[in-house]
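Engineer: In our numbering, the protein residues as written are 9 to 309. Positions of the beta carbon are idealized from the N, C-alpha and C atoms, including for glycine. One structure follows; several queries about it will come next.
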């Protein structure tokens, strides 16, 4: 698969990106979630969007992949959460708004005026912030397996929480590899068990791109200490599609429902048996839903 890969310095950080497809096509920007570099997007998904006539822009969010890690201090998460519980202020090393600003600056650097924005998980939060603060840059918004930041929504389920916060058995590559395999199995889709070889290849590709514990922790700070976006989302005018798995143990499906409820005229599609991943069996449906949404609103360009 031919593509252009480069980095640009924006807001004091190097942001790595890939551009796939022909430059004279409408651009589809894919923003992935916490700790996941651009290689986390299924190759089949990217190829499908190209075949449907889109230029696809992928990026590594700051502090992950080839956009990191940053040389900044990492606070103690447990201490920061305790301070917040006791009513004291705690600050994240950076905010979701900073990551949103990185993404908009990347569009500026590439001279891309309006794009279709697709965000998954934390990437969905970043995409929502783009629609809130820079609506003129979006043709459409697709928020996948994400949420509004509303605190009363169901929390992460116990099994997923254990998989996230249990440290790798060893700091070696093998130890970290086993940790990620277990995590992705745990957050995966109950109705669509992932093939072992396929999962191992996916995790190996993400680790090769760059995944660090400190970068992941700093991104986690940005998510945990983010404000509730509900009131801001109620002002969004960008045509919005919300996609969510009904068996998501990391970001409960109610997060998707609340997102669709908050954004005027948003359309919601849920997938039975889907967890917090992209099962190959559902990719045709997911790609089809996103492409139909983009095509319906392409006239806004």
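Is the distance from the Cβ of residue 16 to the Cβ of residue 117 below 8 Å?
Structural biologist: Cβ distance < 8 Å, so residue 16 and residue 117 count as in contact.
Engineer: To the nearest angstrom, report how far apart residue 258 and residue 195 are at their CA atoms.
Structural biologist: C-alpha separation (whole angstroms): 6 Å.
Engineer: Could you check which residue in 147, 228, 272 has the C-alpha nearest to that of residue 298?
Structural biologist: Among 147, 228, 272, the Cα nearest to that of residue 298 belongs to 147.
Engineer: Report buried or exposed for residue 157, applying the criterion of at least 16 other Cβ atoms within 10 angstroms of its Cβ.
Structural biologist: So residue 157 ends up on the buried side.
Engineer: Let's test the definition: count the other Cβ atoms within 10 Å of the Cβ of residue 216 and tell me whether it reaches 16, buried, or not, exposed.
Structural biologist: It is exposed - the Cβ of residue 216 has fewer than 16 other Cβ atoms within 10 Å.
Engineer: With 16 as the cutoff for other CB atoms within 10 Å, does residue 23 come out buried or exposed?
Structural biologist: With 16 or more other Cβ atoms within 10 Å, it is buried.
Engineer: Starting from residue 40 and walking both ways along the beta strand (DSSP E), at which residues does that stretch end?
Structural biologist: First-last for residue 40: undefined, no H or E at that position.
Engineer: State the start and end residues of the unbroken alpha helix (DSSP H) segment that holds residue 122.
Structural biologist: Neither: residue 122 is in no alpha helix (DSSP H) and is coded neither H nor E.
Engineer: List the DSSP bridge partners of residue 128.
Structural biologist: Paired residue(s): 152.
Engineer: Could you tell me which residues DSSP pairs with residue 36 in its beta bridges?
Structural biologist: DSSP, once it has assigned bridges, lists 64, 124 as partnering residue 36.
Engineer: In the DSSP assignment, find the unbroken alpha helix (DSSP H) run with residue 212 in it and report its ends.
Structural biologist: Note, residue 212: alpha helix (DSSP H), 204-217.
Engineer: Near residue 36, which residues of its chain fall below 6 Å by C-beta distance, leaving aside the five closest residues on each side in sequence?
Structural biologist: Answer for residue 36: 57, 62, 64, 124, listed in chain order.
Engineer: Give the single residue among 305, 203, 304, 208 whose Cα lies nearest to the Cα of residue 186.
Structural biologist: It is 208 whose Cα lies nearest to the Cα of residue 186.
Engineer: Taking the beta carbon of residue 12 as the centre, do at least 16 other beta carbons fall within 10 Å, making it buried, or is it exposed?
Structural biologist: Exposed, by the Cβ-count rule.
Engineer: Inspect the beta-carbon positions of residue 8 and residue 154 and report whether they are closer than 8 Å.
Structural biologist: Nothing can be reported for residue 8: it is not among the residues displayed for the chain, which extend from 9 to 309.
Engineer: According to DSSP, simplified to helix, strand and coil, what is residue 229?
Structural biologist: Three-state result, residue 229: helix.
Engineer: Give every residue of the same chain whose Cβ lies closer than 6 Å to the Cβ of residue 287, excluding the five residues on either side of it in the sequence, and list them in chain order.
Structural biologist: So the qualifying residues of the chain are 197, 200.
Engineer: With three or more C-beta pairs closer than 8 Å as the rule, is the segment 265-279 touching the segment 237-249?
Structural biologist: Yes, since at least three Cβ pairs between the segment 237-249 and the segment 265-279 fall closer than 8 Å, the two stretches touch.
Engineer: Apart from the five residues on each side of it in sequence, which residues of its chain come closer than 7 Å, Cβ to Cβ, to residue 190?
Structural biologist: Only 171 meet the Cβ criterion.
Engineer: With respect to the beta strand (DSSP E) encompassing residue 250, which residues constitute its N-terminal and C-terminal limits?
Structural biologist: Note, residue 250: beta strand (DSSP E), 248-253.
Engineer: Leaving out the 5 sequence neighbours to the left and right, which residues in its chain are closer than 6 Å to residue 280 when beta-carbon positions are compared?
Structural biologist: For residue 280, where only same-chain residues beyond five positions count, the Cβ hits under 6 Å are 254.
Engineer: Go through its chain and collect everything with a Cβ distance to residue 305's Cβ below 7 Å, but skip five positions before and after it.
Structural biologist: If we look at residue 305 and ignore the five residues flanking it on each side, its Cβ neighbours are 147, 148, 247.
Engineer: Please report the straight-line C-alpha distance between residue 144 and residue 10, rounded to a whole angstrom.
Structural biologist: One C-alpha to the other measures close to 30 Å.
Engineer: Ends of the beta strand (DSSP E) at residue 259?
Structural biologist: That residue, residue 259, is in no beta strand (DSSP E); it is neither H nor E in DSSP.
Engineer: Check residue 242 in the structure and name its three-state DSSP category.
Structural biologist: Three-state DSSP puts residue 242 in coil, outside helix and strand.
Engineer: If we ignore side chains and look at the alpha-carbon of each, how far apart do residue 251 and residue 66 end up?
Structural biologist: Distance between the alpha carbons of residue 251 and residue 66 is about 19 Å.
Engineer: Rounded to a whole number of angstroms, what is the C-alpha to C-alpha distance between residue 205 and residue 289?
Structural biologist: Going from the Cα of residue 205 to the Cα of residue 289 covers about 16 Å.
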